[in-house]
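Enquirer: For the sequence shown, position 550 (counting from the first letter as 1) is numbered 550 according to the UniProt record's numbering, and the numbering increases by one without interruption.
The beta carbon of each residue, even a glycine, is placed where N, CA and C say it ideally should be.
All figures in this text were calculated on a predicted structure; none of them were measured in a lab.
Sending over a structure as structure tokens; questions will come in a sec.
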Amino acid sequence: MSDFIQLLPDHVANQIAAGEVVQRPASVIKELLENAIDAGAEQIQVVIKDAGKTLIQVVDNGKGMSLTDARMSFERHATSKIKSAEDLFSLKTKGFRGEALASIAAIAHVELKTKPEDEEVGTCIKIEGSSISSQEPCVTPKGTSLCVKNLFYNIPARRNFLKSDNVETRHIIDEFQRVALAHPHINFTLHHNGSELFQLNSTNYRQRITNIFGGKTNEKLVPVNEDTEILKISGFVGKPEFAKRSRGEQFFFVNDRFIKSPYLNHAVVAAFEGLLKEKTYPSYFLYLEVDPKSIDINIHPTKTEIKFDDEHALYAMLRSAIKHSLGQFNVAPVLDFERDSGLDTPYAYKDKGADIPKVEVDRGFNPFKNEGVDADYRPGSSLKKETTAGWESLYTGTSSEEIESAAGSHMEFESEEVTGSLFENSEGKSENTTFQLHKKFIVSTLKSGILVIDQNRAHSRILYEELLKNITISAAVSQQLLFPLKLQFNAHEVEMLKQIRESLEQTGFIFSEISKDAVEITGIPTLISESEVEMLLEQLLSDLENDVPDNGFSQTDLLSRSLAKSMSVKSGTVLNGSEQQHIVNRLFACKEPGLTPFNKSIFITLTVEELEKKFT
Numbered sequence: 001m002s003d004f005i006q007l008l009p010d011h012v013a014n015q016i017a018a019g020e021v022v023q024r025p026a027s028v029i030k031e032l033l034e035n036a037i038d039a040g041a042e043q044i045q046v047v048i049k050d051a052g053k054t055l056i057q058v059v060d061n062g063k064g065m066s067l068t069d070a071r072m073s074f075e076r077h078a079t080s081k082i083k084s085a086e087d088l089f090s091l092k093t094k095g096f097r098g099e100a101l102a103s104i105a106a107i108a109h110v111e112l113k114t115k116p117e118d119e120e121v122g123t124c125i126k127i128e129g130s131s132i133s134s135q136e137p138c139v140t141p142k143g144t145s146l147c148v149k150n151l152f153y154n155i156p157a158r159r160n161f162l163k164s165d166n167v168e169t170r171h172i173i174d175e176f177q178r179v180a181l182a183h184p185h186i187n188f189t190l191h192h193n194g195s196e197l198f199q200l201n202s203t204n205y206r207q208r209i210t211n212i213f214g215g216k217t218n219e220k221l222v223p224v225n226e227d228t229e230i231l232k233i234s235g236f237v238g239k240p241e242f243a244k245r246s247r248g249e250q251f252f253f254v255n256d257r258f259i260k261s262p263y264l265n266h267a268v269v270a271a272f273e274g275l276l277k278e279k280t281y282p283s284y285f286l287y288l289e290v291d292p293k294s295i296d297i298n299i300h301p302t303k304t305e306i307k308f309d310d311e312h313a314l315y316a317m318l319r320s321a322i323k324h325s326l327g328q329f330n331v332a333p334v335l336d337f338e339r340d341s342g343l344d345t346p347y348a349y350k351d352k353g354a355d356i357p358k359v360e361v362d363r364g365f366n367p368f369k370n371e372g373v374d375a376d377y378r379p380g381s382s383l384k385k386e387t388t389a390g391w392e393s394l395y396t397g398t399s400s401e402e403i404e405s406a407a408g409s410h411m412e413f414e415s416e417e418v419t420g421s422l423f424e425n426s427e428g429k430s431e432n433t434t435f436q437l438h439k440k441f442i443v444s445t446l447k448s449g450i451l452v453i454d455q456n457r458a459h460s461r462i463l464y465e466e467l468l469k470n471i472t473i474s475a476a477v478s479q480q481l482l483f484p485l486k487l488q489f490n491a492h493e494v495e496m497l498k499q500i501r502e503s504l505e506q507t508g509f510i511f512s513e514i515s516k517d518a519v520e521i522t523g524i525p526t527l528i529s530e531s532e533v534e535m536l537l538e539q540l541l542s543d544l545e546n547d548v549p550d551n552g553f554s555q556t557d558l559l560s561r562s563l564a565k566s567m568s569v570k571s572g573t574v575l576n577g578s579e580q581q582h583i584v585n586r587l588f589a590c591k592e593p594g595l596t597p598f599n600k601s602i603f604i605t606l607t608v609e610e611l612e613k614k615f616t
């Protein structure tokens, strides 16, 4: 019997490993940034082109590598971070697997330039698909510069599965922000297609958060600090009134490493219990310091999952620390049993008695002096009131019969039958053929049975077709605002708004100014109110970040779907008869009345036969 099992070549093994380590261009950015931080860099520059598909370059001023280290760094399981298995439980560096550079070199064209501080010249190594094409001395400053070109060039199927440039750029920015937030003492810059997205100077944690997410973020932050033997918590949480409808600004860092933990996220949400509006999520930037021996990072190649020794203790400490901060800074109502010194009686009044207040009365005041009443009037004196003549005096000189006639004894009243005969003609009657069920469904009658319509889905279909028509054919009507509305966004969100500005203006928005971290709006669509604008734009940007197709028509379609979803009447809203009938009429005037823009059913019909079967 022949042997079937064989050892895979190194370049094939590297490509397989790359499938886990390098999922998209953002994964390369993360690995290279962490290597630069482990090298002790104080300045890190990131340059990308075409969302990282064409070029990713990371330049740092760290300690650099010698010729031997530069060659060895591209071998699998070659690392300077650990030397034995015990080192896994005392990690203080970002990387430790020794797979990142080998995986990147297996699926891209890589050029490495590096030089230690004590060397006169550096080393330049070029690698294509795990094979070294050239190695030579070069002139380069202290530190390391690593260029990754043509990512996934030898795995076309993987390259075709990448999303649009906007989506991939969003993932890159997310990874960049996570690393930058964890290390505010390092200078970071990010350039994309020749334009600068971020210029972050060395600063503290609060200022770094403000520099990334906009100047108005500073007033939204509430500091959190707690120091125990098990855990040290520092950072900030957002005030409840600034909670967003997306989870974009939620960051956990454990020992300066970004992690994802639904369990700890639940602790934060529990601390905000009763303070958040429905379907909103709090912002938080929390830095946790724990003993490296009490955690296990070696769960997944991306190193974003961590196992804790005692998760229940961390949950309780995190929840109580946040509740304490919200109460301490008067964000949440608390019971304060401490004495307020401002309400104490001053010491100078300690032995002072109470004085009887003096009341001065003008005894010569007469309120009736100008009313024609006797000035000598005194309270208690009798004042005879003249009786006025009765109503009979109006008819002096008339007979009793005439008085009775004037009093109405012979008055004729309109017959009550008239009121019932005004709408006797059945053709002129206005019958309400719809009614609302549970503030969610509109029920209408048919010849064959009844029709049940979901009001939210029906309105979203109506708005979707109307918005799509406005964007592609004719501009919608806009309502002018009395005072301009200024909204704060981060740099990337402002860039996205610039890209869709023309389409938004077709729907009725009017932008008077778009700056680096804010937009000013002077007109909005007639279908929405001013209070809904910020929420609607946040939801729209969230939808665009997660799923932006490549062609213009599809982007227009997505824009219409997102706006229709946000602007449609919600379940639980009471509609009067005319509003119900309006939705029914407009729905069946649509091109596709049966399905929502997200391909969900809008209505169902129940025939008389189906109803009769229910009673059998």
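Between the alpha carbons of Ile322 and Gly143, how many angstroms are there, rounded?
Expert: Those two C-alpha atoms are separated by around 41 Å.
Enquirer: Using C-beta distances below 8 Å, list every residue in its chain close to Val494, excluding the 5 sequence neighbours before and after it, in chain order.
Expert: Only Ile514, Ser515, Lys516, Asp517, Ala518, Val519 meet the Cβ criterion.
Enquirer: Distance, Cα to Cα, Val224 vs Gln328?
Expert: One C-alpha to the other measures close to 10 Å.
Enquirer: Starting from Lys486 and walking both ways along the beta strand (DSSP E), at which residues does that stretch end?
Expert: Here the beta strand (DSSP E) through Lys486 covers 478–488.
Enquirer: Check the C-beta distance from Thr123 over to Ala70 and give it rounded, since I have them as a contact under 8 Å.
Expert: About 5 Å separates the two Cβ atoms, so the contact holds.
Enquirer: Find the nearest neighbour of Leu200 within the set Lys600, Phe483, Phe188, judged by alpha-carbon distance.
Expert: Residue Phe188 is the option with its Cα nearest to Leu200.
Enquirer: Rounded to whole angstroms, what's the CA-CA distance from Asn599 to Arg457? Just pull it up for me.
Expert: So the two alpha carbons sit approximately 10 Å from each other.
Enquirer: Where DSSP assigns a beta bridge to Lys439, which residues make up the other side?
Expert: Looking at the DSSP assignment, Lys439 forms no beta bridge with any residue, so it has no partner.
Enquirer: Examine the Cβ distances between the stretch 583–593 and the stretch 482–489 and report whether three or more of them are shorter than 8 Å.
Expert: With a cut-off of 8 Å, the stretch 482–489 and the stretch 583–593 do not count as touching, because too few Cβ pairs lie within range.
Enquirer: Say whether the stretch 260–278 touches the stretch 303–323, bearing in mind that this needs 3 or more beta-carbon pairs closer than 8 Å, one atom from each stretch.
Expert: Touching, yes, given that three or more Cβ pairs across the two stretches are closer than 8 Å.
Enquirer: For chain D, is any of its Cβ atoms less than 8 Å away from the one on Ile297?
Expert: Looking for chain D here will not work: only one protein chain is present.
Enquirer: Relative to the C-alpha of Ile132, which candidate in Ala157, Ser562, Ala106, Cys138 has its C-alpha closest?
Expert: Looking at the Cα atoms, Ala106 is the closest of the given residues.
Enquirer: In angstroms with no decimal places, state the Cα-to-Cα distance between Met72 and Ile56.
Expert: The alpha-carbon atoms of Met72 and Ile56 are separated by roughly 21 Å.
Enquirer: Might you give, ordered along the chain, the residues of its own chain that have their beta carbon closer than 8 Å to the beta carbon of Leu468, omitting 5 neighbours on each side?
Expert: Contacts found: Thr556, Asp557, Ser560.
Enquirer: Use the C-beta contact count for Pro141: other C-beta atoms within 10 angstroms, 16 or more gives buried, fewer gives exposed.
Expert: It is exposed - the Cβ of Pro141 has fewer than 16 other Cβ atoms within 10 Å.
Enquirer: What separation, rounded to the nearest whole angstrom, lies between the Cα atoms of Gly449 and Leu437?
Expert: Distance between the alpha carbons of Gly449 and Leu437 is about 16 Å.
Enquirer: Buried or exposed: where does Gln506 fall if 16 or more other Cβ atoms within 10 Å of its Cβ makes it buried?
Expert: Buried, by the Cβ-count rule.
Enquirer: Considering only C-alpha positions, which residue in the set Arg206, Asp227, Arg178, Thr526 is nearest to Gln250?
Expert: The residue with the shortest Cα to Cα distance from Gln250 is Arg178.
Enquirer: On a Cα-Cα basis, can you pick out the residue from Pro240, Ser294, Ser283, Arg257 that is closest to Gly274?
Expert: Closest option to Gly274, Cα to Cα, is Pro240.
Enquirer: Check this for me: beta carbons of Leu318 and Ile233, under 8 Å apart or not?
Expert: Yes.
Enquirer: Have a look at Gly194, Thr203, Ala564 and flag the residue whose alpha-carbon is nearest the alpha-carbon of Ala180.
Expert: Considering only alpha carbons, the answer is Thr203.
Enquirer: Given Asn551, which residues of its chain have a CB within under 6 Å of its CB, disregarding the five upstream and five downstream residues?
Expert: With a pLDDT of 41 at Asn551, under the threshold of 50, the modelled position of that residue is not reliable, and no figure is offered here.
Enquirer: So what does DSSP say about Ser66, is it helix, strand or coil?
Expert: Reduced to three states, the DSSP call for Ser66 is coil.
Enquirer: Between the Cα of Thr217 and those of Ala243, Val148, Ile453, Thr280, spot the shortest distance and give me the residue it belongs to.
Expert: The candidate whose alpha carbon is nearest that of Thr217 is Ala243.
Enquirer: Specify the secondary structure class of Ser566 as computed by DSSP and reduced to three states.
Expert: Ser566 falls in the helix class under three-state DSSP.
Enquirer: Determine, using beta carbons only, whether Thr522 and Gly508 come nearer to each other than 8 Å.
Expert: The answer is no: Cβ separation not under 8 Å.
Enquirer: By Cβ distance, which residues of its chain are closer than 7 Å to Ile442, with the 5 residues on each side in sequence left out?
Expert: So the qualifying residues of the chain are Thr434, Gln436, Ile453, Gln455, Gln580, Ile583, Val584.
Enquirer: Just curious, the alpha helix (DSSP H) that Leu611 is in, first and last residue?
Expert: Looking at the DSSP string, the run of the alpha helix (DSSP H) that includes Leu611 is 608–614.
Enquirer: For Lys115 and Met65, I'd like the C-alpha separation in whole angstroms.
Expert: Straight-line Cα distance between these residues: approximately 6 Å.
Enquirer: State the DSSP-derived secondary structure class of Lys469, mapped to helix, strand or coil.
Expert: Helix.
Enquirer: Under the rule that 16 or more other beta-carbon atoms within 10 Å means buried, what is Arg461, buried or exposed?
Expert: Buried, since its Cβ has 16 or more Cβ neighbours within 10 Å.
Enquirer: Quick one: residues in its chain with C-beta nearer than 8 Å to the C-beta of residue 620, no 5 flanking neighbours on either side, listed in chain order?
Expert: As displayed, the chain neither begins before 1 nor continues past 616, which places residue 620 out of reach and without an answer.
Enquirer: Using only the alpha-carbon positions, how far apart do Val290 and Phe252 sit?
Expert: One C-alpha to the other measures close to 13 Å.
Enquirer: Can you tell me whether DSSP reads Gly327 as helix, strand or coil?
Expert: Here Gly327 sits in helix by DSSP.
Enquirer: Given this structure, state the Cα-to-Cα distance separating Ser24 from Asp50, to the nearest angstrom.
Expert: A small correction: the amino acid at residue 24 is Arg; Ser does not occupy that position in the sequence shown. Going from the Cα of Arg24 to the Cα of Asp50 covers about 13 Å.
Enquirer: Quick check on the DSSP output: the alpha helix (DSSP H) that includes residue 627 runs from which residue to which?
Expert: No statement about residue 627 is possible, as the shown extent of the chain runs from 1 to 616 and does not include it.
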